[in-house]
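Visitor: Residue numbers (this note's numbering): 1350 to 1766.
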Ligand SMILES: Cc1cc2nc3c(=O)[nH]c(=O)nc-3n(C[C@H](O)[C@H](O)[C@H](O)COP(=O)(O)OP(=O)(O)OC[C@H]3O[C@@H](n4cnc5c(N)ncnc54)[C@H](O)[C@@H]3O)c2cc1C
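Listed below in structure tokens is the structure:
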């Protein structure tokens, strides 16, 4: 029988942080991941760089990084391998290696190529989950579970209440298939950069570009001559409907070639450019969020509310890519200000031995638009890992975890809460 103290489903930044934390606490941990590596959106979706989550506190002249703890450790390990730049652009191949190593060092058992497909629940507790993989159907038992699937798959299968996208019409932020272009003459590109969006907008007006995104979003890359495009935009598709997700992949791939051809034919520096790669999966910014013990709102964020059970802090802007078409709205936090995220937003209703971490915690569409970035979800995962460790050691439910103890443990690991 496969039995662990804790099973984490999903190996993105939330899941890996939860699993490593619980492993370091001496718990027996299994992390189940449908892909072949850790990192989630960063690895499968080529999402890059780490968005900023920092501010100058008080009279400080230097900004303080608000995502500390395990996230800071991962950044340090990337630095040691010269795999991250000041701009926080990182090399995902090194990230995958580092995360494998960190998981193994924490004695986390890894199970790749395995899809969560079902759950067995009894009397308000998850007894086991079923995963499908090359070995067939596997039943895995645990005392505690963490749903870090991004889509709240485990919570939904367990009968926890949830919502999809924004409240008014359930539309989610657009999906994006990221891609990379190599062999760019960077000097020429830098000079031509300001001409890209005006020309792109002109060609949109002429109907020559179908992509509804308002501009061309390009980032540098750690490899010379390579640019990273986070600029396809698929709207009004449901990321947790398999046929819609397939249609999204097809639409986005057309957009990749449309954008690449546009750059190659019009922008100086792209004459010899080559399409290097697309992500192995379209990136999902938002899908299902649980309706947990506390629903975090934009008001909580904008008022920089400090919860008594705060387990993570943030001030990345409320960055909403229009779910219906063109445009991106932003609310930027004033310098020195930050909000907190309560432990209760990780607790789903109806189940006593499950926590949810990552972009699918209990938050509104607007609040999720800020808390979703990799540095913040990593902190949410770390908090979930500490909380289930306490629950597992003391044989109590996730609701009974002593908040003071949880917060002390997080502070001891260097987290800002
Ligand atoms: C296009 C795009 C651009 C973005 N840009 C940035 C950016 O520049 N910087 C930034 O910091 N953030 C950015 N974000 C946000 C950020 O990348 C994500 O919100 C964050 O990585 C989510 O982390 P997570 O751990 O919650 O989920 P994910 O990273 O999605 O991880 C979930 C994991 O669970 C696995 N999984 C899912 N379902 C199952 C299942 N049923 N069984 C087994 N495994 C399963 C998946 O394979 C995946 O590995 C972007 C997101 C997108 C989509």
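Note that CB positions come from ideal geometry on N, CA and C, so glycine has one too. Bear in mind that the values here come from a model prediction, so they are computed numbers and not experimental data.
Using the C-alpha atoms, what's the distance from residue 1361 back to residue 1465?
Guide: On the chain shown, position 116 is the one that residue 1465 refers to. On the chain shown, position 12 is the one that residue 1361 refers to. Residue 1465 and residue 1361: Cα-Cα distance of roughly 15 Å.
Visitor: Is residue 1435 near ligand 1, in the sense that its beta carbon is under 6 Å from a heavy atom of that ligand?
Guide: Counting from 1 along the chain shown, the entry for residue 1435 is found at position 86. Not so, every heavy atom of ligand 1 lies at least 6 Å from the Cβ.
Visitor: In the DSSP assignment, what are the bridge partners of residue 1698?
Guide: Translated into the one-based positions of the chain shown, residue 1698 becomes position 349. None; residue 1698 has no bridge partner.
Visitor: Ordered along the chain, which non-local residues of its own chain (more than five positions away) have a Cβ less than 8 Å from that of residue 1351?
Guide: By one-based count along the chain shown, residue 1351 stands at place 2. Around residue 1351: 1379, 1487, 1488, 1489 and 1490.
Visitor: Do residue 1420 and residue 1724 have their C-beta atoms closer together than 7 Å?
Guide: In the chain shown, the residue the question calls residue 1420 occupies position 71. In the chain shown, the residue the question calls residue 1724 occupies position 375. Yes, the pair counts as a contact, with Cβ atoms nearer than the cut-off.
Visitor: Does the separation of the CB atoms of residue 1794 and residue 1402 fall below 7 Å?
Guide: One cannot answer for residue 1794 here, as it falls past the ends of the chain, which runs 1350 to 1766.
Visitor: Return the Cβ separation of residue 1709 and residue 1639 in integer angstroms, given the expectation that the two are a contact with Cβ distance under 8 Å.
Guide: To locate residue 1709, count along the chain shown from 1; it is residue 360. To locate residue 1639, count along the chain shown from 1; it is residue 290. 6 Å between Cβ atoms; contact.
Visitor: Is any non-hydrogen atom of ligand 1 found closer than 6 Å to the C-beta of residue 1713, if you look at the structure I gave you?
Guide: For the purposes of this step, residue 1713 is taken as residue 364 along the chain shown, with counting starting at 1. No, the beta carbon of residue 1713 sits no closer than 6 Å to any heavy atom of ligand 1.
Visitor: Determine contact between the region 1546-1562 and the region 1496-1505, defined as no fewer than three beta-carbon pairs at a distance below 8 Å.
Guide: No, because fewer than three Cβ pairs between the region 1546-1562 and the region 1496-1505 fall closer than 8 Å, the two stretches do not touch.
Visitor: Distance, Cα to Cα, residue 1698 vs residue 1507?
Guide: As a working mapping, residue 1698 is identified with position 349 in the chain shown. As a working mapping, residue 1507 is identified with position 158 in the chain shown. Between residue 1698 and residue 1507, the C-alpha separation is close to 10 Å.
Visitor: Flag this pair as touching only if the region 1525-1538 and the region 1579-1594 have three or more C-beta atom pairs under 8 Å; answer yes or no.
Guide: The region 1525-1538 is in contact with the region 1579-1594.
Visitor: Out of 1381, 1363, 1354 and 1400, point me to the one whose CA is closest to residue 1666's CA.
Guide: Position 317 of the chain shown, counted from the first residue, corresponds to residue 1666. Ranking 1381, 1363, 1354 and 1400 by Cα distance to residue 1666 puts 1400 first.
Visitor: Can you tell me whether residue 1756 is buried or exposed, with buried defined as 16 or more other CB within 10 angstroms of its CB?
Guide: Looking up residue 1756 in the chain shown gives position 407. By the neighbour-count rule (16 or more Cβ atoms within 10 Å), residue 1756 is buried.
Visitor: Quick test of the definition: if touching needs 3 or more C-beta pairs under 8 Å, does the region 1535-1543 touch the region 1625-1636?
Guide: Touching, no.
Visitor: Thinking residue 1565 and residue 1608 are a contact (beta carbons under 8 Å), I'd like their distance in whole angstroms, please.
Guide: By 1-based counting over the chain shown, the position of residue 1565 is 216. By 1-based counting over the chain shown, the position of residue 1608 is 259. With a Cβ gap of about 7 Å, residue 1565 and residue 1608 count as contacting.
Visitor: Which of the three DSSP states, helix, strand or coil, is assigned to residue 1623?
Guide: Translated into positions along the chain shown, residue 1623 becomes position 274. Correct three-state label for residue 1623: strand.
Visitor: Ends of the alpha helix (DSSP H) at residue 1638?
Guide: For this step, residue 1638 is matched to residue 289 along the chain shown. First-last for residue 1638: 1637-1639, but that is the beta strand (DSSP E), not the alpha helix (DSSP H).
Visitor: Assuming the contact rule is C-beta atoms closer than 8 Å, residue 1632 and residue 1394 should be a hit. Round their C-beta distance to whole Å, please.
Guide: As a position in the chain shown, residue 1632 is number 283, starting the count at 1. As a position in the chain shown, residue 1394 is number 45, starting the count at 1. Contact holds; Cβ gap of about 4 Å.
Visitor: For residue 1604, collect the residues of the same chain with a Cβ closer than 6 Å to its Cβ; drop the 5 residues on either side in sequence, then sort them by chain order.
Guide: Within the chain shown, residue 1604 is the residue found at index 255, counting from 1. If we look at residue 1604 and ignore the five residues flanking it on each side, its Cβ neighbours are 1560 and 1581.
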